[in-house]
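Chemist: Protein chains in written order, with this note's numbering: chain P, 1400 to 1662; chain V, 251 to 495. Here a beta-carbon is modelled for each residue, glycine too, at the ideal position from N, C-alpha and C. The structure is given below, and queries will be raised subsequently.
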């Protein structure tokens, strides 16, 4: 159903994105005698082509930091050691990843369509091709008719979908999504997730890494769920999501997230 | 109230009209000299308008250079700030020596007054770019060049326009002062002629005119600024009847 999302990139290697032994330290409150905060410790993550991986963890466990490192963004002031990131070679040239921030990052001086084209412009896509693909995606993302709206005229859910559209449009093989619907109310969020589950974002030789703190969201969308511990973030569980019945997986995940809680 | 107080005060105190004429006389004079003021107003407005335009362009260009090249920011910006410690009026005789008695020195003087608020406002806006937007561009693989064209430059526009609004309030005043020193036509020349003839009522007409013209110029710049930044206008939901998710 999502033909317009397809990219021409074939799976050249099985591994889409990988990092090993990643440690990230933030300096302690600007004072030399205060020890730094270790956000991530010896984290490894492998994402294969066609995989949709969700990273869950409590607030402040460094899951957003992990995603930033994967996206090639250096967290400001942080020390990154180890963890050379290996990325799929993007056949279209340019970086293999496209990162979507937690807040939508829409530019207030661009209307919806030009905002969607920002990623394509950075990727150096042909204007006419990008324009055509954007219009098709506006339909698919339920944004048709809003091409000329300013970002402030759109609802929260529409803004997030527009930001996702901007991230998908350049056709980068690996999508990195940082709590794309984290700021939305519960009902809109459910609706967005149901819609996102039908998009097949990880198909056509692509891969997706989604960061979330919501176990149900992770189970609904991902093929595999990686659980990070409280700070310093370490991988404590790497669980494939069973196709039939996620009740057991849900309990396992919740236990891993909160080992001291419950009974 | 003020005008009535002025009228009554002048009549009661018996001040001669060449010191302070009552407002009724100023109004009469205004009607008398209005037909003669046309060319002077045109000259002053041309100087102010051109100067404002040149100042805005130069200010924005300098701001872009300062934002794009750290070296320029370190060397040129302090120097430019230093030039603003010299009042432009003091520079006027030099400008007249170099550029003659025509339109040019006045335009330069207005531009010198106008570019600084534009420059400062634009530089401030560009350095205060939202980290969220810069990261978004970087996360999509954008380079520094993309950052500049997609984020920094457009983000500076509202700031630069704010500076231009401030500059608009100075422009006509600067043009009039430049005409005091040398000029064949313009409101400044009119004021100087009136002063030599002790025609205080005519000077007051010019003062009122400068105030009105400055107000109009400000409204014009303000209107243009609004047109140039339509996203800042709070607008009604553009498509009623559709429920956004």
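Please list the residues of the stretch 360 to 380 of chain V that have a C-beta atom closer than 7 Å to any C-beta atom in chain B, keeping them in chain order.
Modeler: Considering every chain present, this structure includes no chain B. Its protein chains are P and V.
Chemist: Residues in the same chain with beta-carbon distance under 8 Å from residue 269 of chain V, minus the five sequence neighbours each way, listed in chain order, please.
Modeler: Against the second chain, residue 269 of chain V aligns to sequence position 19. Closer than 8 Å at the Cβ level, and outside the excluded window around residue 269 of chain V, lie 450.
Chemist: Could you tell me which of P:1652, P:1497, P:1631 sits nearest to residue 1441 of chain P, measuring between CA atoms?
Modeler: Against the first chain, residue 1441 of chain P aligns to sequence position 42. Per the Cα distances, P:1631.
Chemist: What residue range is occupied by the uninterrupted beta strand (DSSP E) comprising residue 1498 of chain P?
Modeler: Taking the first chain and counting its residues from 1, one reaches residue 1498 of chain P at position 99. In the DSSP assignment, residue 1498 of chain P falls within the unbroken beta strand (DSSP E) covering 1496 to 1499.
Chemist: In three-state terms, what does DSSP make of residue 1577 of chain P?
Modeler: One-based indexing of the first chain puts residue 1577 of chain P at position 178. The answer is strand: DSSP assigns residue 1577 of chain P an E or B state.
Chemist: Could you round the C-beta distance between residue 407 of chain V and residue 369 of chain V to whole angstroms and report it? I think they count as a contact, below 8 Å.
Modeler: Locating residue 407 of chain V in the second chain gives position 157, counting from the first residue. Locating residue 369 of chain V in the second chain gives position 119, counting from the first residue. Between residue 369 of chain V and residue 407 of chain V the Cβ distance is about 14 Å, and since that is not below 8 Å, they are no contact.
Chemist: Here's a check: name, in chain order, each residue in its chain whose Cβ is nearer than 6 Å to the Cβ of residue 1587 of chain P, leaving out the five neighbours to either side.
Modeler: As a working mapping, residue 1587 of chain P is identified with position 188 in the first chain. Cβ within range, chain order: 1556.
Chemist: Could you name the residues of the same chain whose beta carbon sits closer than 7 Å to that of residue 1469 of chain P, not counting the 5 residues immediately before and after it, in chain order?
Modeler: Position 70 of the first chain, counting from 1, holds the residue named residue 1469 of chain P. Contacts found: 1416, 1418, 1484, 1496, 1575, 1608.
Chemist: What is the DSSP secondary structure of residue 366 of chain V, reduced to helix, strand or coil?
Modeler: Mapped onto the second chain, residue 366 of chain V falls at position 116. Looking at residue 366 of chain V - three-state DSSP - the assignment turns out to be helix.
Chemist: Please give the ranges of any alpha helix (DSSP H) in the stretch 1501 to 1583 of chain P, keeping only runs that are unbroken, at least 4 residues long and fully inside the region.
Modeler: 1511 to 1515, 1517 to 1521, 1526 to 1539, 1555 to 1567
Chemist: Does the distance from the C-beta atom of residue 1519 of chain P to that of residue 1569 of chain P stay below 8 Å?
Modeler: What you label residue 1519 of chain P is simply residue 120 of the first chain in a count that begins at 1. What you label residue 1569 of chain P is simply residue 170 of the first chain in a count that begins at 1. Cβ atoms of residue 1519 of chain P and residue 1569 of chain P: closer than 8 Å.
Chemist: What are the complete beta strand (DSSP E) segments, minimum 3 residues, inside the stretch 402 to 446 of chain V?
Modeler: none
Chemist: Just grab the DSSP bridge partners of residue 1451 of chain P for me.
Modeler: As a first step, residue 1451 of chain P must be located in the first chain, where it is residue number 52. Answer is P:1607, bridged to residue 1451 of chain P.
Chemist: Is the CB of residue 386 of chain V under 8 Å away from at least one CB in chain P?
Modeler: As a position in the second chain, residue 386 of chain V is number 136, starting the count at 1. Yes - at least one Cβ of chain P is within 8 Å of the one on residue 386 of chain V.
Chemist: So, are the CB atoms of residue 433 of chain V and residue 439 of chain V less than 8 Å apart?
Modeler: Start at 1 with the first residue of the second chain, and residue 433 of chain V comes out as number 183. Start at 1 with the first residue of the second chain, and residue 439 of chain V comes out as number 189. Between residue 433 of chain V and residue 439 of chain V, the C-beta gap is smaller than 8 Å, which places the two residues in contact.
Chemist: Could you name the residues of the same chain whose beta carbon sits closer than 6 Å to that of residue 456 of chain V, not counting the 5 residues immediately before and after it, in chain order?
Modeler: Mapped onto the second chain, residue 456 of chain V falls at position 206. Closer than 6 Å at Cβ, skipping near neighbours: 437, 440, 441.
Chemist: May I ask which residues mark the beginning and end of the alpha helix (DSSP H) holding residue 1593 of chain P?
Modeler: Position 194 of the first chain holds residue 1593 of chain P. From DSSP, the alpha helix (DSSP H) with residue 1593 of chain P extends over 1585 to 1596.
Chemist: Given a cut-off of 8 Å, decide if residue 1577 of chain P and residue 1499 of chain P are closer than it, judged by their beta-carbon atoms.
Modeler: One-based indexing of the first chain puts residue 1499 of chain P at position 100. One-based indexing of the first chain puts residue 1577 of chain P at position 178. A contact, by the Cβ cut-off of 8 Å.
Chemist: Is residue 1504 of chain P close to chain V, meaning its C-beta is less than 8 Å from at least one C-beta of that chain?
Modeler: As a position in the first chain, residue 1504 of chain P is number 105, starting the count at 1. Taking Cβ atoms only, chain V reaches closer than 8 Å to residue 1504 of chain P, which makes this a yes.
Chemist: For the beta strand (DSSP E) containing residue 301 of chain V, name the first residue and the last one.
Modeler: Along the second chain, one-based indexing puts residue 301 of chain V at 51. Note, residue 301 of chain V: premise wrong, no beta strand (DSSP E); alpha helix (DSSP H) at 273 to 318.
Chemist: Closest to residue 421 of chain V by C-alpha separation, out of V:464, V:326, V:375, V:391, would be which residue?
Modeler: For this step, residue 421 of chain V is matched to residue 171 along the second chain. The option with the nearest alpha carbon to residue 421 of chain V is V:464.
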